[in-house]
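Counting with numbering that gives the first Met the number 0, you get residues 0 to 393 for the letters of the sequence shown. Where is the CB? At the ideal position from N, CA and C, for every residue including glycine. Source: prediction; values computed, not measured.
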Amino acid sequence: MYILGYPILFGVYAALVGQSVLAGAVQHPSNHATGIPMPSTFKRYQDTYQRNTRASLGIKGCTNKNIAVRRSWDDLDDATRTDYLRAVNCLAAKPPKMDTSLAPGAMNRLDDFTYIHINQTNIIHQSGYLLPWHRLFLWQIEHALRDECGYKGHLPYWDNPRFSEDQAQSKVFDGSMTSFGGNGAFVPHGPRKVILPGLAISNFSLPKPAGTGGGCITDGPLKNFRISLGPVAKEVIDPANKYGFLPNPRCLSRDFYNPASQGVLNWANATTIVASDSIKALRNNIEDLWHFNSHTFVGMEAADPFSTPNDPVFYLLHAQIDRLWAIWQGQDLKARTFAIDGNRTFLGLALDTAPNLPPSLATIDDVMDMGLGWKPKTKEGMPATKGGRCYIYE
Ligand SMILES: *[C@@H]1O[C@H](CO)[C@@H](O)[C@H](O)[C@H]1NC(C)=O
Ligand SMILES: *[C@@H]1O[C@H](CO)[C@@H](O)[C@H](O)[C@H]1NC(C)=O
Ligand SMILES: *[C@@H]1O[C@H](CO)[C@@H](O)[C@H](O)[C@H]1NC(C)=O
Ligand SMILES: *[C@@H]1O[C@H](CO)[C@@H](O)[C@H](O)[C@H]1NC(C)=O
Ligand SMILES: [Cu+2]
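Structure below.
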């Protein structure tokens, strides 16, 4: 029903959820014209975040005039979407900057990003670093797209709750030439369990439900996209290629798993996240609800916790997570900007490189590794409008 257009949607949702979508419609005639309208409770949090953020800006540095606006992919015009995808293919055609002896499979500039994400996976997920590390990671790719490939816009986000009932109707996944392509071709397969290497605990595994694809994507401008690093999380780990650093050229595959989207990536859960009353609640809600299910929904390459940036939609997926965090921080910038919760490793588990190290809590003065020699303190990755960052989400 999301392709039927605005007037029908209006009627359907007014009837379905019994809430007034009229207010939103009048204020944003061109925004949010498709998909499930943003409910007023969520909008209140977003408005407060935007108001507080803009009020916090000075007249030098990051200002109301120069602040970058990150928008939903569905709200961009076709020219900007085309330009973004062009810039992604442009980075894919440039050589890596990293020392490729660390990962001989790194073929292009995008692999610099995938490589460091693999290298850091057991430190930056289910840990205190999830949010700040990925904030800086997104900022780096946004700048690579702009500075090295001439992209004129800013990093967009995948506004998953607008299409939680059927993500294939979003402009992210509708298969058009201004999308990331749709689902992978259907390849019959069952659910799997994959092992995460690198933890001291033997064979720590994640469930992989079976979705409706499993094969290569078949449409959109990334149809012939080639990737090489990974996969890393597998049913059987090969000790000679534990982290998938050897060359493994292949297509981009997906495996849409609708229950993850319908059950979790919806407005109710998004609202629960921004309404979290503590950093602990926020991080648990983001990690366990949103982050895990975003990756699980897309499936295949995107669902490998290590090499997931192989799917270029990764950056839009994480921009939404970054946005939910920013909205939460923006309710009370003083108290929340530098709030941190979580261990220094994945679930506080010991790494196989340091099997006897007891768990310890992350602090904002800990140093993170962003790759290519950049080692900022965690607190540098926390404000979205200071320390080099300057953006706001709409
Ligand atoms: C990550 O890179 C560092 C520095 O090269 C290295 O010491 C470490 O073993 C790597 N870890 C993984 C999991 O690749
Ligand atoms: C871990 O998995 C490997 C296969 O990847 C298997 O050979 C090994 O026996 C398993 N170890 C344990 C303790 O279950
Ligand atoms: C998430 O969404 C599901 C499906 O609408 C709902 O049943 C559940 O209560 C939501 N959970 C939270 C924590 O908001
Ligand atoms: C840190 O890790 C320990 C051990 O796994 C765990 O019990 C604790 O809940 C973790 N703390 C946080 C804040 O994640
Ligand atoms: Cu990640």
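So residue i and residue j are supposed to be a Cβ contact under 8 Å. How far apart are they, rounded?
| i | j | result |
| --- | --- | --- |
| residue 110 | residue 227 | 7 Å |
| residue 305 | residue 260 | The Cβ separation is near 23 Å, so there is no contact. |
| residue 313 | residue 302 | Actually they do not touch by this definition, with Cβ atoms about 11 Å apart. |
| residue 156 | residue 318 | 4 Å |
| residue 94 | residue 221 | With a Cβ gap of about 20 Å, residue 94 and residue 221 do not count as contacting. |
| residue 268 | residue 288 | 5 Å |
| residue 473 | residue 124 | Within the shown structure, residues of the chain are numbered from 0 to 393, placing residue 473 beyond reach of any answer. |
| residue 167 | residue 181 | 6 Å |
If you drop the 5 nearest sequence neighbours on each side, which residues of the same chain put their C-beta closer than 7 Å to that of residue i?
| i | result |
| --- | --- |
| residue 361 | 126, 127, 128, 339, 341, 342, 343, 377 |
| residue 298 | 210, 212, 253, 254, 255, 256 |
| residue 178 | 170, 171, 172, 219 |
| residue 77 | 177 |
| residue 371 | 96, 97, 111 |
| residue 200 | 348 |
| residue 63 | 53, 56 |
Taking DSSP's pairing of strands, which residues face residue i in a bridge?
| i | result |
| --- | --- |
| residue 215 | 252 |
| residue 408 | No statement about residue 408 is possible, as the shown extent of the chain runs from 0 to 393 and does not include it. |
| residue 242 | Looking at the DSSP assignment, residue 242 forms no beta bridge with any residue, so it has no partner. |
| residue 207 | 191 |
| residue 342 | 360 |
| residue 376 | 366 |
| residue 392 | 69 |
| residue 350 | 198 |
| residue 156 | 71 |
| residue 226 | 249 |
| residue 183 | 216 |
| residue 233 | 194 |
Drop a sphere of 10 angstroms on the beta-carbon of residue i, count the other beta-carbons inside from all chains shown, and report buried for 16 or more, exposed for fewer.
| i | result |
| --- | --- |
| residue 352 | exposed |
| residue 57 | exposed |
| residue 20 | Summary for residue 20: the model assigns pLDDT 35, below 50, so the residue's position carries little reliability; its value from the coordinates is reported in the next sentence. With 16 or more other Cβ atoms within 10 Å, it is buried. |
| residue 104 | buried |
| residue 141 | buried |
| residue 120 | buried |
| residue 366 | exposed |
| residue 277 | exposed |
| residue 74 | buried |
| residue 28 | Low confidence applies here, because residue 28 scores a pLDDT of 38, under 50, leaving its location unreliable and the question unanswered by this model. |
| residue 146 | exposed |
| residue 316 | buried |
| residue 239 | exposed |
| residue 202 | exposed |
| residue 143 | buried |
| residue 235 | exposed |
| residue 293 | buried |
Residues in the same chain with beta-carbon distance under 6 Å from residue i, minus the five sequence neighbours each way, listed in chain order, please.
| i | result |
| --- | --- |
| residue 373 | none |
| residue 135 | 369, 380 |
| residue 206 | 192 |
| residue 116 | 308 |
| residue 91 | 107, 109 |
| residue 244 | 102, 104 |
| residue 335 | 328 |
| residue 396 | Residue 396 is absent from the model: the chain starts at 0 and stops at 393. |
| residue 387 | none |
| residue 131 | 377, 380, 381 |
Ordered along the chain, which non-local residues of its own chain (more than five positions away) have a Cβ less than 8 Å from that of residue i?
| i | result |
| --- | --- |
| residue 330 | 44, 47, 48, 51, 273 |
| residue 204 | 192, 193, 194, 195 |
| residue 384 | 52, 55, 56, 61, 66, 390, 391 |
| residue 22 | The predicted model places residue 22 with a pLDDT of 35, which falls under 50 and marks its position as unreliable; any figure quoted below should be read in that light. Here the set comprises 39. |
| residue 137 | 154, 314, 317, 318, 321 |
| residue 248 | 106, 225, 226, 227 |
| residue 375 | 135, 366, 367, 369 |
Quiz item: So does the region 205-216 actually touch the region 173-187, counting three or more Cβ pairs closer than 8 Å?
Solution: yes
Quiz prompt | the region 188-199 / the region 155-163 touching (three or more Cβ pairs under 8 Å) | solution = no
Self-check item: Contact between the region 319-329 and the region 254-274 (3+ Cβ pairs under 8 Å)
Solution: yes
Quiz item: Can we say the region 142-152 touches the region 70-86, given the rule of at least three CB pairs closer than 8 Å?
Solution: yes
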